[in-house]
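There are 2 protein chains.
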Amino acid sequence: MTVTIVIAQGGGPTAVINQTVAGAALETMKRYPGARVLGALHGVRGIREGRFVTLSDLSEQELLRIAATPSAALGSTRDKPDEAYCEAIMRGLRGAGADAFINIGGNDTSGTQAILRDASGGGITFLHAPKTIDNDLMENDHTPGFISAAEMVAGAFLSIDLDFRALPGIYVGIVMGRHAGFLTASAAAWSLDEEGGPHLIYVPERAFSRERFVEDVKSVFHQYGRCIVAMSEGVTDAEGRSLVETLVPREMQERDAHGNLKLSGSDLGQAIERILAEDLPGRRARVDTFGYLPRGNIATINDTDAREAYAAGAFAVASLEQGHGSVALQFDGERTVCKLVELDAVAGKTREMPDRFMHVHESRISQEGLAYFNRLLPRRYDPAKPFV
Amino acid sequence: MTVTIVIAQGGGPTAVINQTVAGAALETMKRYPGARVLGALHGVRGIREGRFVTLSDLSEQELLRIAATPSAALGSTRDKPDEAYCEAIMRGLRGAGADAFINIGGNDTSGTQAILRDASGGGITFLHAPKTIDNDLMENDHTPGFISAAEMVAGAFLSIDLDFRALPGIYVGIVMGRHAGFLTASAAAWSLDEEGGPHLIYVPERAFSRERFVEDVKSVFHQYGRCIVAMSEGVTDAEGRSLVETLVPREMQERDAHGNLKLSGSDLGQAIERILAEDLPGRRARVDTFGYLPRGNIATINDTDAREAYAAGAFAVASLEQGHGSVALQFDGERTVCKLVELDAVAGKTREMPDRFMHVHESRISQEGLAYFNRLLPRRYDPAKPFV
Chain S
1 MTVTIVIAQG GGPTAVINQT VAGAALETMK RYPGARVLGA LHGVRGIREG RFVTLSDLSE
61 QELLRIAATP SAALGSTRDK PDEAYCEAIM RGLRGAGADA FINIGGNDTS GTQAILRDAS
121 GGGITFLHAP KTIDNDLMEN DHTPGFISAA EMVAGAFLSI DLDFRALPGI YVGIVMGRHA
181 GFLTASAAAW SLDEEGGPHL IYVPERAFSR ERFVEDVKSV FHQYGRCIVA MSEGVTDAEG
241 RSLVETLVPR EMQERDAHGN LKLSGSDLGQ AIERILAEDL PGRRARVDTF GYLPRGNIAT
301 INDTDAREAY AAGAFAVASL EQGHGSVALQ FDGERTVCKL VELDAVAGKT REMPDRFMHV
361 HESRISQEGL AYFNRLLPRR YDPAKPFV
Chain B
1 MTVTIVIAQG GGPTAVINQT VAGAALETMK RYPGARVLGA LHGVRGIREG RFVTLSDLSE
61 QELLRIAATP SAALGSTRDK PDEAYCEAIM RGLRGAGADA FINIGGNDTS GTQAILRDAS
121 GGGITFLHAP KTIDNDLMEN DHTPGFISAA EMVAGAFLSI DLDFRALPGI YVGIVMGRHA
181 GFLTASAAAW SLDEEGGPHL IYVPERAFSR ERFVEDVKSV FHQYGRCIVA MSEGVTDAEG
241 RSLVETLVPR EMQERDAHGN LKLSGSDLGQ AIERILAEDL PGRRARVDTF GYLPRGNIAT
301 INDTDAREAY AAGAFAVASL EQGHGSVALQ FDGERTVCKL VELDAVAGKT REMPDRFMHV
361 HESRISQEGL AYFNRLLPRR YDPAKPFV
C-alpha cells in the first residue's frame, strides 16, 4: 500500500517555512520509497477544498529551490476550524488517502492538529512542525523562522544606532509580537558597544507607562545624546489595555465587525510620535514600523535557521511511527536537537519571554537575555566604531 | 609644504558614505606622500568648532574597515551655514592649513561648497563628492548610497509579495523620498513575475488622489487577489499639498516652531490605513513605514555601490588640481564613470525621476524605468514561484 503524507502550512509565513516542507517531503521519499507527498494549498482550507500539489513528483533540486525561497510556497491560512470544518478536513484527508498529516505552524496550527486528532477516530497520524517568528511555542528553546527574523531586526538596530551616532536624535522602531517580546528584544543582539542602541526595550510581558517611557528616553538622551528604542506592537499598560487603546483618540480607533480594536503598528507609531512631540518637544524624533519586513525577508535568511527548519520537517517524518505529536527544537546545553512532544503541551499555549531576560528595574535586556540571543545569533558583522 | 586635505560628511548617512572617506584618504596618501588628511566631526560644524580626527594617521586596514561600516563615521550635520557660519568655517579651514575641502553629501552639501567657494577668496579648493539614497542629484546617472538602499527596498518588496501570495490582502510600504521617487520605484526591481508586486507605485513626481488610489487598489485586488503598494513619503495632491495635510485631521497634525507641517511616515501610514478601512472595508490590510531601514542597512550593502562610493572619493582627490567642482557618477552607455562637473550644476538642485520611468496612464513602472533599476541592481535572488 502506498504511503501518503499530507503537508500544510499555517499562520504567518517565515523566511524558512519552506525548508520544513522540503525536509518532510525529501525524508518521506527517502524512508518510504514510492510514497506520495501531497501539499495542501492554503493550509487546512486546501484539504477541505481538495486542493493539493503532489510534492513527490518534484525533483530534489526543485524541492531545495523551494526550500530556499522565503514565505509559504503552499499558501497559508488563519482559519480556525469549527466542528463542521473539522469534519470537512477529515473527509479531505481520507479522500486523499492520508496516513499522516504534518501541519507546519505556530500555536493555532498545533491547536488544529490536536482538534483533528481528537476528531479523527484513528487511522491518521497528526503531527505539528514548529514555525513562528514570535518564538512563543512552549517546549521549544526557539522556533524555526525566529532566527532569520531576529537577524533582520538585530542588523537593522545596529544600523540605526550607527545612523543616530552620525545625526543624533530619538528613534523608535515598532516590531511585531503581540504576546511575546523575543523578536523585539533581539534588537539588542548585535549592539555595537556599551553605548550602543537599542538603549530601551519595551515588550508585551512588561506593563508600559507613558510617564516611565518619557523618563527613560530623557535619561538615555541625557547620557548618550541619542536614544534608540525597540518597542513591541503588543505592549500594554498595567490594566492590559493596548497602547493604541490608551493613546489614540477614540474616534481614530479602528474596530472590526466584532468590536475588537485593530492593533496596528502605524497607529502605535503615530501615538508614540505624538508622545515624543508633546513630552520631549524640539527633539528630532523618528518612528518606523518594521511590520512584515523581518518575517520573510529574503536578505536575512539565516543558515542555522534554514538547517533547523529543514531538520524539523525531516524529524516529523522520522517520528511518524511514534504517533501524534509536536516537533520541538530543544537545547541540550551544547546544541539544538529535535524532540517529539505531546501536541497538548504546545497547542494553543503561548511561551512568553522569561522575565529574567530583562533587567529587573530597567527597560533593557539583561546579560542572561543577551546570552540567549547571542547563542542563537552570533555576530555577523564587525563594524568599525565611529569617531563620534 | 605639507598638503592638507579636510574631509567631511553631510546630510543623511548611507550604507557606503564611509567608502568615499576612505577612497579620498587613501588616494591622498598615495598621490601626496606625507600629506595630512583631516576628518571633520559632524560636517562643517566640526570645522567651525575645530573638531578633527587625523585620518592619515590610520592604517590602510583601519580605513578599509571604516569604509565597510555603514553610516557616517565622522558624524554628519544638517546645518545650513549663513554668512557668519561661513566665515567661521573659513577660519576653521585656514586654521587647519587646508589646501582642499572635500564635502560628501547631497544637494545641500554641494550648496555649502558653492557658498564656501564664493566666500573663500581663493587658496582652498572646494570639492563635493556625491552621496544620497534619494538618487536626486543633477548630472549623476545615480548616486553613491542609492543602490544599497534600493537593494533593501527591492528585496523587501519581493519578500512581501511572496508573503501576500501565501496570505492574501493589501499591503502598503511607505518609503522615504520627499521630492524624488527613485527609491520607491526601486521596489519593482526584483518583482517575481508578471503578477508580482509591487503592483502600484506612488511617487512625489505624480499627483496623488485618494479616489484614484482606491480605484487602483480595487482593480489590482480584483485581478490578482492581493495588492502590494510602494508609496513615497513625499506624495502630494494636485495642489502640491502633502497627503498628511489632506488626510490627517488638523488637530492631529504636528507642526514645528516655524509652523511647517512635519511630514512623518507614521502619520502617512495611519492616514492610508484609514482610507483602506473606510473605502475597502473588510479587506485585510497592512501598512508599514520603512523609514530609515533602507538607508544604512548593514545587511544590504551592495558591492557595486561600495566600489563606486570609494571611486568617487578617490576621484575627488585625483581632480584636485582641476579646481572646484562636484564629482558625478555618469553612465557612458557601457559603464559608470566619474566626471568632475561645476558645483553650480548640482548645488541646491533636485533631479526628479523621469516621468517616462512610469507608465503614462497607470500607477506602475514602465519598461524604461525597470531597465534603469535592473541595470543598477541585477537580480540577486532566484526564488521559486509559489504554488499559490
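As given, the protein sequences belong to chains S and B, one line each in that order.
Anchor point for the first sequence: position 146 equals 146 in full-length UniProt numbering, and the numbering is continuous, going up by one each time.
Anchor point for the second sequence: position 97 equals 97 in full-length UniProt numbering, and the numbering is continuous, going up by one each time.
In this text, a Cβ means the ideal position worked out from N, Cα and C, and glycines have one as well.
* Asked: Can S/Asn18 and B/Ala384 be called in contact, C-beta distance under 9 Å?
  -> yes
* To do: Show which residues of chain B have a CB atom less than 8 Å away from the CB atom of S/Val53.
  => Phe387
* **9 Å Cβ cutoff, B/Ala73 in contact with chain S** => yes
* Asked: Taking Cβ-Cβ distances shorter than 8 Å, what residues in chain S pair up with B/Phe290?
  -> Asp288 and Leu293
* Asked: When DSSP labels each residue in this structure, what does S/Ala189 get in the three-state scheme?
  -> coil
* 9 Å Cβ cutoff met for B/Glu308 and B/Ile147 -> yes
* Under 7 Å from the C-beta of S/Tyr381: neighbouring residues of chain B -> Ile298
* Asked: At what residue ranges does the stretch 304 to 385 of chain S contain a whole run of the beta strand (DSSP E), taking only runs of 3 or more?
  -> 325 to 331 and 336 to 341
* Asked: With a cut-off of 8 Å, do at least 3 Cβ pairs link the stretch 38 to 46 of chain S to the stretch 68 to 75 of chain S?
  -> yes
* Within the 9 Å Cβ cut-off, does S/Ala384 reach chain B? -> yes
* Nearest to S/Leu127 (by Cα), restricted to the options S/Phe208, S/Arg335, S/Leu377 and S/Gly323 -> S/Gly323
* **Counted within 10 angstroms of its Cβ, other Cβ atoms place B/Gly197 as buried (16 or more) or exposed** => buried
* Asked: What is the DSSP secondary structure of S/Asp216, reduced to helix, strand or coil?
  -> helix
* How would you list, in chain order, the residues of chain B whose beta-carbon sits under 7 Å from the beta-carbon of S/His42? -> Val388
* Asked: To which residues of the same chain is S/Asp193 closer than 8 Å at the C-beta, ignoring the five residues directly before and after it?
  -> Lys385
* Quick one: grab the DSSP three-state call for S/Met90. => helix
* Asked: What residues in the stretch 61 to 86 of chain B have a beta carbon less than 8 Å from any beta carbon of chain S?
  -> Glu62, Arg65, Ile66, Ala68, Thr69, Pro70, Ser71, Ala72, Ala73, Leu74, Gly75, Ser76, Thr77 and Arg78
* **Option nearest B/Gly155 by Cα separation, candidates S/Glu273, S/Thr300, S/Leu58 and S/Ala277** => S/Thr300
* **is_contact[S/Gln270, chain B] using C-beta, thresh 9 Å** => yes
* Does the beta-carbon of S/Met1 have 16 or more other beta-carbons within 10 angstroms, so that it is buried, or is it exposed? -> exposed
* Residue-level contact to chain B via CB, S/Pro13, 9 Å cutoff -> yes
* Spell out whether any CB of chain B is found under 9 Å from the CB atom of S/Ser186. => no
* Compute the Euclidean distance between the alpha carbons of B/Tyr310 and S/Arg206, then round it to the nearest angstrom. => 46 Å
* Got a sec: is the Cβ-Cβ distance from B/Met152 to anything in chain S below 9 Å? -> yes
* **Contacts of B/Glu273 in chain S (Cβ-Cβ under 8 Å)** => Glu254, Ser264, Ser266 and Asp267
* What are the boundary residues of the beta strand (DSSP E) that S/Gly51 is part of? -> Here residue 51 of chain S is Arg; the residue named in the question, Gly, does not match the sequence. No beta strand (DSSP E) contains S/Arg51, which DSSP labels as neither H nor E.
* Round the Cβ separation of S/Arg46 and S/Ala8 to the nearest angstrom and send it over; I've been treating them as touching at under 8 Å. => Strictly speaking, residue 46 of chain S in this sequence is Gly, with Arg absent from that position. Right, their Cβ atoms sit about 7 Å apart.
* At least 3 beta-carbon pairs within less than 8 Å: the stretch 266 to 281 of chain S vs the stretch 103 to 117 of chain S -> no
* Asked: Can you list, in chain order, the residues of the stretch 156 to 184 of chain S whose Cβ is nearer than 9 Å to any Cβ on chain B?
  -> Ala156, Leu158, Ser159, Ile160, Asp161, Leu162, Asp163, Phe164, Arg165, Ala166, Leu167, Pro168, Tyr171, Gly173 and Ile174
* Going by CA-CA distance only, name the one from B/Gly43, B/Ala67 and B/Arg351 that's closest to S/Leu167. => B/Gly43
* To do: Just mark B/Lys131 as buried or exposed, buried being the case when its beta carbon has 16 or more other beta carbons within 10 Å.
  => buried
* Which residues of chain B have a Cβ atom closer than 9 Å to the Cβ of S/Gly39, listed in chain order? -> Phe387
* In three-state terms, what does DSSP make of S/Tyr202? -> strand
* Starting from B/Tyr171, follow its DSSP beta bridges and name the residues at the other end. => B/Ile228 and B/Arg286
* **In DSSP terms, what B/Gln9 is bridged to** => B/Ile104
* To do: Kindly list the residues whose CB is nearer than 6 Å to the CB of S/Arg283, restricted to its own chain and excluding five residues on each side of it in sequence; keep chain order.
  => Ile170
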